[in-house]
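Below is one structure, written out as structure tokens; the observations come after it.
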Amino acid sequence: MAWDFSTEPEFEEQLAWMREFVRAEIWPLETVFHELRQDEVDRVYAPLQAQVKARGLWAAHLDPELGGQGFGQVKLGLMHEILGSSPFAPNAFGCQAPDSGNSEILALAGTEEQKERYLHPLLAGDLKSAFSMTEPDTAGSDPTLLKTRAVKDGDGWVLNGHKWFSSNASIADFLIVMAVTDPDARSHQRASMFLVPVDTPGVRILRDVATMEHPEEAYGKLGGHAEIKYEDVRLPADALLGGEGEGFLIAQHRLGPGRIHHCMRWLGVSARAFDMLCERAQSRYAHGSLLADKQTVQNWIADSAAQMHAARLMTLHAAWVMDTQGASAARREISLIKFFGAGVMHDVIDRALQAHGSLGYSTDMPLEAMYRYARGARFYDGPDEVHRQSVARQVLRGYEAPAEGAPPSEHLPTNRAAAREKFAHLLEAVTSND
Ligand SMILES: Cc1cc2nc3c(=O)[nH]c(=O)nc-3n(C[C@H](O)[C@H](O)[C@H](O)COP(=O)(O)OP(=O)(O)OC[C@H]3O[C@@H](n4cnc5c(N)ncnc54)[C@H](O)[C@@H]3O)c2cc1C
């Protein structure tokens, strides 16, 4: 099978522009964002977003008829690798999670009215959104256990439930909420999605949960993860997104591209940590030599380079399968890179932090924040264990147990006896002269 990840020279130029733009305009802002209120952050972004739009790189994940660039996953992979180097870059390019995934859902399942009301302003950057599925009291890794309920009431619905880790909900204008609409249906047909403006009576955004990534209590800032109570929230019939019972089906469409975009961004995080590791190795002197001359540090550099190269090829390959055969054909590739990429990012940052000693552990370097960010990647959008299980199940479908009582197919004594029988004449002929 031929693989082709090549891109045209014009796109290479765009990548070079993005590389320079993110380094020159976004990296420096990282150091002051925490001092700004959300409305100030929005004002800082506005001229940057204008430059990105002028360059034709805005909302590149969507098709041109929706105002995107229709890049496809391979080009998006190369682009996200650059944007991933900073948690603040995707927002300047209109492709930040969760808005990017939510716009994909709206494009896929929204009615014309829903697209008009939510999708177009979302793409223009005039609205912000959140995806509200995970609940504190049920296992997010098994969404068939969801408890949040939407019950039919006349033409509309009444929503009740408790969610948390709804990223960006405290700055969002609307939420996409996953709720059980038919508890008696088959497990993957019980839930539906609803479009819920945040100012709907009964929506109570309680707090942004302080996390490893953002340990300080804060509310209403980009990147927060909100806890929300939905209490007798009355929704009109047209709040339903997609068909009744189609929540999981639509979520699957969202999660495929969303997961691979995460993996692409992690390549950028890993590369930035790797650069810090190598720079430090060239400058820190201890026990008679530079760190760069110590074999352990050389092993870290070589292992990191090999892991990152593998992760990059696996990610681009998954992207290429998605582009050429569709998201469902790439399920195995996406699961492989989801857990592998999360591990690579963690390992590379860990080595870079170690090489910096107390400086790496301090907040004077971005490494400790990158390390905390990387930890979540091993379970959000599906824990490592679930992706491994999924890969193993798919792989095992290609294997059968030996017939009852039969030895393993590679059992040497059995195979030797069979070979002696099969080649008896030949063996006799070649050994008869001895
Ligand atoms: C930074 C961040 C952003 C997030 N953003 C959102 C968002 O925008 N919207 C949203 O709805 N949710 C969001 N989440 C929630 C995230 O999707 C859930 O944390 C994730 O689905 C796991 O669910 P859980 O936390 O309930 O863990 P659980 O489901 O309770 O799993 C806990 C652990 O159990 C183990 N486990 C589970 N299943 C298996 C298995 N089959 N085999 C072996 N071990 C297993 C794993 O070790 C797993 O880590 C976010 C989370 C984080 C950290």
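Residue numbers (the working numbering): 538 to 971. From the three backbone atoms N, C-alpha and C, an ideal C-beta is built for every residue, glycine too.
Three-way DSSP call (helix, strand, coil) for residue i in this model
i    : result
D745 : strand
H762 : strand
R791 : helix
N705 : coil
M670 : coil
L804 : helix
G593 : coil
V770 : strand
H994 : Outside the shown range of the chain (538 to 971) lies residue 994, about which nothing can therefore be said.
G693 : strand
F558 : helix
M902 : coil
Residue closest to residue i, alpha-carbon to alpha-carbon, out of the options
i    : options                   : result
A676 : V932, Y917 and A961       : Y917
A914 : M616, G662, A879 and A823 : A879
G784 : G647, T852, V559 and W564 : G647
K590 : L620, A629, E753 and A808 : A629
V770 : H657, G780 and I742       : I742
T972 : A626, K684, E618 and E550 : Here the chain covers residues 538 to 971 and nothing more, so residue 972 does not appear.
H571 : A906, A667 and R654       : A906
A626 : S666, K652, A829 and W595 : W595
E750 : I713, V740, A776 and F702 : F702
Q789 : D663, S666, E545 and T681 : T681
M616 : L804, V695, L814 and L777 : L804
Y655 : V688, L777, V695 and L890 : L777
L620 : H799, R953, Y936 and L814 : H799
Q586 : C632, G919 and V932       : C632
E550 : L659, L792, R791 and K612 : K612
D884 : P920, R912 and V569       : R912
Sequence-distant residues of its chain with Cβ nearer than 6 angstroms to residue i (five each side left out)
i    : result
D690 : none
M859 : Q610 and A867
F558 : none
D692 : A774
R817 : A892 and H893
W837 : R888
Q844 : V881
E754 : A747
M813 : A889
Residue environment, residue i, which counts as buried when at least 16 other CB atoms sit within 10 Å
i    : result
R849 : buried
K959 : exposed
N705 : buried
Y910 : buried
R809 : buried
R592 : exposed
Y756 : exposed
Y767 : buried
D745 : buried
G942 : exposed
Close Cβ partners of residue i (< 7 angstroms) along its chain, the five nearest in sequence each way excluded
i    : result
S872 : H924, S927 and V928
P944 : T951
R686 : N697, G698, A716 and V717
P635 : S666, A667, F668, S704 and N705
L828 : R817, A818, R821, V834 and A892
S946 : P939
Through-space distance from residue j to residue i, alpha-carbon basis
i    : j    : result
H846 : R957 : 46 angstroms
M902 : F876 : 26 angstroms
A892 : Q832 : 13 angstroms
L896 : G638 : 37 angstroms
E764 : V735 : 13 angstroms
T671 : M715 : 9 angstroms
V834 : H762 : 37 angstroms
I708 : K758 : 6 angstroms
S622 : P939 : 49 angstroms
V733 : V581 : 28 angstroms
Y908 : W540 : 33 angstroms
H854 : Y936 : 24 angstroms
W857 : F542 : 7 angstroms
H824 : R802 : 37 angstroms
P584 : Q575 : 16 angstroms
R560 : L933 : 44 angstroms
G841 : R953 : Inspection of the sequence shows that residue 841 is occupied by Ser rather than by Gly. Straight-line Cα distance between these residues: approximately 43 angstroms.
C815 : P920 : 30 angstroms
Cβ-based neighbour list, residue i, same chain, cut-off 8 angstroms, excluding 5 preceding and 5 following
i    : result
G782 : T718, D719, A722, Q726, R727, A728 and S729
D600 : G607 and A644
A661 : G604
D674 : K684 and H699
T567 : It is worth fixing the name first, because residue 567 is Glu in this sequence and not Thr. The answer, listed in chain order, is S623, P624, F625 and P903.
W564 : S622 and S623
T737 : V770, R771 and L772
Residue i CB to nearest heavy atom of ligand 2 below 7 angstroms
i    : result
G757 : Among the ligands in the structure shown, ligand 2 does not appear; only ligand 1 can be found there.
Short CB-CB distance (under 8 angstroms) between residue i and chain B
i    : result
S946 : Absence of chain B from the displayed structure is noted, only one protein chain being present.
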